[in-house]
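Structure first, commentary second.
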Amino acid sequence: MNYPDPAIYDTLPKLLRHNAQSHPGEVALRLKEFGIWHETTWAEYLAKVRRMALGLRELGIGAGDVVALLGDNDVDWVSMEIAAHAVGAMTLGIYRDALEEEVGYLVDYAGAKAVFAQNQEQVDKLVSLVDKARTVEHIVYSETRGMRTQDDPRVLDLAVLEQRGEALHKADPAAFDAMVEATSGDAVAILCTTSGTTSNPKLAMLSGSRFIRHVITYLKADPKDHTDEYVSVLPLPWIMEQIYCLGFGQIARMTVNFPESQDTMFQDLREIGPTFLLLAPRLWEQIAADMRARIMDASAINQWIFDKGIKLGMKAIEEGRRSGLADVMLFSALRDRLGFSRVRSAATGGSAMGPETFKLFLAMGVPLKQLYGQTEMLGAYTLQAGSELDVDTVGPPFEGCEVKILNPDVEGVGEIVTRHDNMFLGYFRNEEATRADMRDGWMHTGDAGYFDSKQRLVVIDRLKDIAETSGGVRFSPQYIENKLKFSPYVGEAVILGSGHEFLTAIICVRFSIVAKWAEKNRIGFTSYTGLSAEPRVYDLIRGEVEHVNASLPEKQRIRRFLLLYKELDADDGELTRTRKVRRGVVGERYGQLIEALYNGAQSAHLDTEVTFEDGRKGRVKADMRIMDVGGAPTELQKAS
Amino acid sequence: MAEAEILQTFDTQAAAQRSFGEPVLTLENISLGFGGVKAIDDVSFEVRKGEVLAIIGPNGAGKSSMLNCINGFYKPQSGSITFRGRKMPSMDPHFAASNGIARTFQNIALFRGMSTLDNLMTGRVLKMDRGFIWQCLYWGPAQREELENRAYVERVIDFLEIQAIRRTPVGRLPYGLQKRVELGRALAMEPEILLLDEPMAGMNVEEKQDMSRFVLEVNEEFGTTIVLIEHDMGVVMDISDRVVVLDYGRKIADGTPDEVRANQHVIDAYLGVAHD
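If you want it as structure tokens, here you go:
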């Protein structure tokens, strides 16, 4: 595969212009709106970016300014991002579900001069920030609905901006070209937020040419071309979505499809039939769980086929092959149903994924591969080869990416440090953090891992999360949590035990599925809280915990657990926006519960502050029962 | 082309300002009885363009009967209704529907076996001119007409954020969503006046908030006049411009939410003062 020369095309605007000149009529983007897929060709893409860029320049946006982007993944977002790069500005993506104060922090910290806020909801966040968003001079929106009564003078309709841009282009047709020529690959183009499992996100500075070069490195490990179809479902501010939508899109000319809304994602996925797919582990887990939930409603014969097919398929995968029979009776239909029929390459990343879920998709014929990386390193820099069954490693590093294990212990486990030529330039306005993470040119990831016998990297957990019980048993909470989450009934789990005698768990049930189970078993409930307090639900989850315990060494078994009265929520700071558990916050907020888990009490009382979706705060008091999991292993109980 | 035209109609309607001056619908001295029971007793009020008017009252006060008189489902025994400059003793249902009066029902009245999309398309039937013969052919004017109407329906789907249930049979949807689909079908008729019979009954707080938001947005974006019956006083006082209160078939108050809240007759009716 020949990709454009990064020495010539070192910024996204230059690449886009190149694509529009060489393949003007080819479809670059697709967006579903009003029930129809609307296509954008490369020529139209460029024209849109040109209008936006000229419009932005007229607003006074130029080199060194920051343009923040806030909204759903769509054509306007990616076009605005490239347009901002064309005028020499830096872009900062903000998660669409970020709360007002998070938006305020980022916008203020970066000193954003203009913000593209897709709709009324996002514009309102900015307008009500007032003082915190003092640097913001322009707020551009694309959806007019509900904007009629908005009278903030900074607010501007994207259509108006584009009209002005078009007029400017007519007046001076060479202006845009000159602008694109002037862009430099060495300048910072993207400010990418780190996930911030510990604190406020930091902003990694990524330059255009490094971005493009790293994407080409990635493409060498997993080639793509213009026949590839990608559905963009992960949040665009995330580094991997930037790599795919902008990087793969511009360099390999992979077609990027934007779904109609978050709710229609799975339908839209099926309509497009993507050839390449990246979902977060949580989404893969959700697909697997939904599948199981649906089959609960199916007829007995279908349930039998499903169970049999899964069993056959999983067994075959463990033996390193695929089961033809299972494919005929179950998996080909499942693939079609889920929209995975044409998938040539699929990836999961962002956090670890349970091995059972992983195997399930392999059995289904979805060539799923784990990848590993950090925002600072421009996303992924290792990827599984996919040639053999491998549920533990994240594969070998890409060509030109160096990874080593710092201070390995006797088993070879130590901190993963890494470097490559195209890594980030440092944290924006935070020299101190840059110095802390970048030592002697190596990025210290803070993850613990080791290389296996085939030089594949194995990531265990965050270094500081690897815990030790008071009895000296080392364990990885994440590893056990992922095992628990393979159960369709478990939505989220937090394993505790550091410095204590044994392991315990705080578990959130998966509402959609447990609710269905309850309905089937004629258990009445009114809310999540009610359901998770139900004794029979406790029994159900205890069964799941015992099942997991059976596969764990005795010292790492979960001895007690409780079902949390609510789901862990990013709005409460318990999860990051990419849905990783923030252990610090959980430990702090639920200290009362953790205490009760270890002092032998039969129930735990909680009195805590919650944040509602609109940002208001309130207090919650709740009592939760604690359940002991039988000390004797399951086999013994059966025998007696 | 078709889409551009539809876009335009949306814009011009939306540009209509909130002005409650001129009455679009006037009801004078309406009385309706079933046998010996007087459901409505000599009630007069008017509906002004662009307003959100709530009709409230205790159970059996005649609220639903009032709506049924407005869209012609019931024929009042006396009184007159003026709509679009036509003064009639009672409304003709077909005239009402084809002249921009749409409604939703207290007990959802959707086609349960049909998808959300098909249900919404039934709201467009009156906008289609081609007859049965044309519609039997796949190509031709009927297809064009279908496409134009589908495009309108898709805008309604987008507006009500029900894209994900486009193809789901409505019988399988939860109650709150069915209510929303029913609102969608009424909106598909491009109504000038929208009659909502207890749009929030049986909903939880979150669903009520969603529905209130949609009602207000319909009113703001399309300039649609809204007449609604609702029991939740919080909702009524929050979203209405004007409130008409009925009790035992009579009108006992008519004014802004604040006026009505302070009205002694209303307080008596709701707190159950003995009628003598």
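These protein sequences, in sequence, are chains X and P. Residue numbers for the first sequence follow our numbering, beginning at 86 and rising by one. Residue numbers for the second sequence follow our numbering, beginning at 38 and rising by one. Ideal Cβ positions, reconstructed from N, Cα and C, are used throughout, including at glycine. These numbers come from a predicted model, not from an experiment.
Kindly give me the distance between the Cβ atoms of Val-281/P and Asp-291/P, rounded to whole angstroms, as I take these residues to be in contact under 8 Å.
Position 244 of the second sequence, counting from 1, holds the residue named residue 281/P. Position 254 of the second sequence, counting from 1, holds the residue named residue 291/P. The Cβ separation is near 5 Å, so the contact holds.
What number of angstroms, rounded off, separates the C-alpha of Pro-50/X from the C-alpha of Ile-224/X?
Chain X is shown only over 86 to 725; residue 50/X falls outside these bounds and no answer can be derived.
What residues of chain X sit near Gln-200/P, judged by a beta carbon separation below 8 Å?
The residue given as residue 200/P occupies position 163 in the second sequence. Those within 8 Å of Gln-200/P in chain X are Gly-120, Glu-345, Ser-346, Asp-348, Thr-349.
Measure the beta-carbon distance from Ala-578/X to Ile-592/X and round it to whole angstroms, keeping in mind my assumption that it falls under 8 Å.
Locating residue 578/X in the first sequence gives position 493, counting from the first residue. Locating residue 592/X in the first sequence gives position 507, counting from the first residue. Contact holds; Cβ gap of about 5 Å.
Use the C-beta contact count for Arg-701/X: other C-beta atoms within 10 angstroms, 16 or more gives buried, fewer gives exposed.
On the first sequence, residue 701/X is found 616 positions in, with the first residue counted as 1. Classification for Arg-701/X: exposed.
If contact means a Cβ-Cβ distance below 8 Å, which residues of the segment 218-249 of chain P contact chain X?
none
Of the listed residues Ala-218/X, Ile-93/X, Ser-107/X, nearest to Tyr-194/X (C-alpha basis)
Here the question's residue 194/X lines up with position 109 in the first sequence. Among Ala-218/X, Ile-93/X, Ser-107/X, the Cα nearest to that of Tyr-194/X belongs to Ala-218/X.
Under 9 Å, do Ala-432/X and Val-544/X count as touching if we go by C-beta distance?
Locating residue 432/X in the first sequence gives position 347, where the first residue counts as 1. Locating residue 544/X in the first sequence gives position 459, where the first residue counts as 1. Not a contact, by the Cβ cut-off of 9 Å.
Does the pairing of the segment 299-317 of chain X with the segment 437-451 of chain X give three or more beta-carbon distances under 8 Å?
no
Does any CB atom of chain X fall closer than 9 Å to the CB of Phe-196/P?
If you number the second sequence from 1, residue 196/P lands on position 159. Cβ-Cβ to chain X under 9 Å: yes for Phe-196/P.
Enumerate, from N- to C-terminal direction, the unbroken alpha helix (DSSP H) stretches of 4 or more residues contained entirely within the segment 268-351 of chain X.
293-306, 324-327
Let me know the secondary structure DSSP gives Glu-296/P once reduced to three states.
Position 259 of the second sequence, counted from the start, is the residue given in the question as residue 296/P. It is helical.
Do you know offhand how far Asn-342/X's Cα is from Gln-327/X's?
As a first step, residue 342/X is located in the first sequence; it is residue number 257 there, counting from the start. As a first step, residue 327/X is located in the first sequence; it is residue number 242 there, counting from the start. Taking the straight line joining both Cα atoms gives about 14 Å.
Can you list, in chain order, the stretches of the beta strand (DSSP E) that have 3 or more residues and sit fully within the segment 175-252 of chain X?
175-179, 199-202, 223-226, 240-242
Taking all protein chains shown into account, decide if Gly-405/X is buried (16 or more other Cβ within 10 angstroms of its Cβ) or exposed.
Within the first sequence, residue 405/X is the residue found at index 320, counting from 1. So Gly-405/X ends up on the exposed side.
CA-CA distance, Val-192/X and Asp-95/X?
Taking the first residue of the first sequence as position 1, residue 192/X is located at position 107. Taking the first residue of the first sequence as position 1, residue 95/X is located at position 10. Spanning the two alpha carbons is a distance of roughly 27 Å.
Where the segment 255-274 of chain P meets chain X: residues whose CB sits under 9 Å from a CB there:
Glu-257, Glu-258
Span of the beta strand (DSSP E) around His-529/X:
For this step, residue 529/X is matched to residue 444 along the first sequence. Residues 527-536.
Beta bridge counterpart(s) of Met-523/X as assigned by DSSP:
Against the first sequence, residue 523/X aligns to sequence position 438. Bridge partners of Met-523/X: Met-528/X.
On the three-pair Cβ rule with 8 Å, is the segment 191-198 of chain P touching the segment 221-231 of chain P?
yes
Tell whether a beta-carbon distance below 9 Å holds between Lys-305/X and Glu-484/X.
Taking the first residue of the first sequence as position 1, residue 305/X is located at position 220. Taking the first residue of the first sequence as position 1, residue 484/X is located at position 399. Cβ distance < 9 Å, so Lys-305/X and Glu-484/X count as in contact.
Taking only runs of the beta strand (DSSP E) that begin and end inside the segment 648-725 of chain X, which ones reach a length of at least 3 residues, in chain order?
688-696, 702-713
Short CB-CB distance (under 9 Å) between Glu-65/P and chain X:
As a working mapping, residue 65/P is identified with position 28 in the second sequence. False, the Cβ-Cβ gap to chain X never drops below 9 Å.
Check whether the Cβ atoms of Leu-241/X and Ile-167/X sit closer than 9 Å, and answer yes or no.
For the purposes of this step, residue 241/X is identified with residue 156 of the first sequence, where counting begins at 1. For the purposes of this step, residue 167/X is identified with residue 82 of the first sequence, where counting begins at 1. No, they are not a contact pair.
Pick helix, strand or coil for Asp-291/P, following the three-state DSSP scheme.
Indexing the second sequence from 1 puts residue 291/P at position 254. In this structure, Asp-291/P counts as strand in the three-state DSSP scheme.
Give me the DSSP bridge partner(s) of Arg-123/P.
Along the second sequence, one-based indexing puts residue 123/P at 86. According to DSSP, which records beta bridges pairwise, Arg-123/P is partnered with Phe-120/P.
Partners in chain P for Gly-231/X, counting only beta-carbon separations shorter than 8 Å
If you number the first sequence from 1, residue 231/X lands on position 146. The contacting residues are Glu-254, Glu-257, Glu-258.
Proximity of Thr-153/P and Val-207/P at Cβ, strictly below 9 Å:
Taking the first residue of the second sequence as 1, we reach residue 153/P at position 116. Taking the first residue of the second sequence as 1, we reach residue 207/P at position 170. Yes. Within cutoff.
Less than 8 Å between C-beta atoms, sequence neighbours within five positions excluded: which residues of the same chain meet that for Leu-210/P?
In the second sequence, residue 210/P corresponds to position 173, counting from 1. Closer than 8 Å at Cβ, skipping near neighbours: Thr-153, Ile-202, Val-218.
May I ask you to list the residues that DSSP assigns as paired with Glu-370/X?
As a first step, residue 370/X must be located in the first sequence, where it is residue number 285. According to DSSP, which records beta bridges pairwise, Glu-370/X is partnered with nothing at all.
Flag Thr-234/X as yes if its beta-carbon sits less than 9 Å from any beta-carbon of chain P, otherwise no.
Here residue 234/X corresponds to residue number 149 of the first sequence, with the count starting at 1. At least one chain P Cβ lies under 9 Å of Thr-234/X.
Can you give the Cα-Cα distance for Tyr-683/X and Glu-619/X, rounded to whole angstroms?
In the first sequence, the residue the question calls residue 683/X occupies position 598. In the first sequence, the residue the question calls residue 619/X occupies position 534. The straight-line gap from Cα to Cα measures roughly 22 Å.
Can you give me the C-alpha to C-alpha distance between Ile-275/X and Arg-427/X, rounded to a whole angstrom?
For this step, residue 275/X is matched to residue 190 along the first sequence. For this step, residue 427/X is matched to residue 342 along the first sequence. Cα to Cα, Ile-275/X sits roughly 32 Å from Arg-427/X.
Have a look at Val-297/P and Glu-228/X and give me their C-alpha separation to the nearest angstrom.
Residue 297/P sits at position 260 when you count from the first residue of the second sequence. Residue 228/X sits at position 143 when you count from the first residue of the first sequence. When rounded, the distance between both Cα atoms is 37 Å.
Test item: CB-CB of Trp-127/X and Asn-104/X under 9 Å
Sequence index remark: in the first sequence, residue 127/X carries index 42 (1-based). Sequence index remark: in the first sequence, residue 104/X carries index 19 (1-based). Yes; because the gap between Cβ atoms is below 9 Å, this pair is in contact.
Report the partner residues of Gly-480/X according to the DSSP bridge assignment.
Indexing the first sequence from 1 puts residue 480/X at position 395. Leu-542/X, per the DSSP bridge assignment.
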